[in-house]
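Worksheet: one structure, shown below.
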Amino acid sequence: MRQRFLTHQFMICLACFVSLGCGLAIGTKPTPAVAALSEAADVATEAKVKIANLAFDPPTLTVKVGTKVTWTNHDEVPHTVTSTTEPRLLKSPTLDTNDSFSHVFKEAGTYKYFCKVHPKMTGTVTVK
Numbered sequence: 107m108r109q110r111f112l113t114h115q116f117m118i119c120l121a122c123f124v125s126l127g128c129g130l131a132i133g134t135k136p137t138p139a140v141a142a143l144s145e146a147a148d149v150a151t152e153a154k155v156k157i158a159n160l161a162f163d164p165p166t167l168t169v170k171v172g173t174k175v176t177w178t179n180h181d182e183v184p185h186t187v188t189s190t191t192e193p194r195l196l197k198s199p200t201l202d203t204n205d206s207f208s209h210v211f212k213e214a215g216t217y218k219y220f221c222k223v224h225p226k227m228t229g230t231v232t233v234k
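Per the working numbering, the sequence shown starts with residue 107, numbered consecutively.
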């Protein structure tokens, strides 16, 4: 009798689990809540670097693979975002005030860059 009771409870729990979309059969669609969580996990993260006072802020940045980094020029003078090594992974056009440049980092590594107009302006993005 006790075993039948436990089996019945197990079946109720299993039915709840499946109805929430957690135990999907092949070819079935997830519930909207499960789909939303999956989509949120797929969205790449973003990071921002401010160009101001003849400096990159922050000068060093650590991000995950797949992160989109956007540099925005807040100075009154033009700047670039240019890789220090060839071939240049980062090669922005000249950025005027309020212009932006973005890059999605697809591989782990350390990426050093500078401003071609002001070569003493440097920065580093570390991708893990």
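A virtual CB, placed ideally from N, CA and C, is assigned to each residue, including glycine.
What you are looking at is a predicted structure, and each value in this text was computed from that prediction instead of being measured.
Worksheet entry | Cutoff 7 Å; reference D202; Cβ partners in own chain excluding five residues on either side | N179 and P184
Practice prompt. Would you list, in sequence order, the uninterrupted beta strand (DSSP E) runs of no fewer than 3 residues that lie entirely inside the region 147-182?
Written response: 152-158, 161-163, 166-169 and 174-179
Fill in: Check whether T232 and T176 have beta carbons under 9 Å apart
no
Discussion item. If you reduce the DSSP assignment to three classes, tell me which class H185 lands in.
Written reply: strand
Discussion item. Among T173, K174, P164 and G229, whose alpha-carbon lies nearest the alpha-carbon of T244?
Written reply: No information on residue 244 is available, as it lies outside the stretch 107 to 234 that the chain covers here.
Worksheet entry | Own chain partners of K154 with C-beta closer than 6 Å, once the 5 adjacent residues on each side are dropped | T176
Worksheet item: Start and end of the beta strand (DSSP E) containing V233?
Response: T228 to V233
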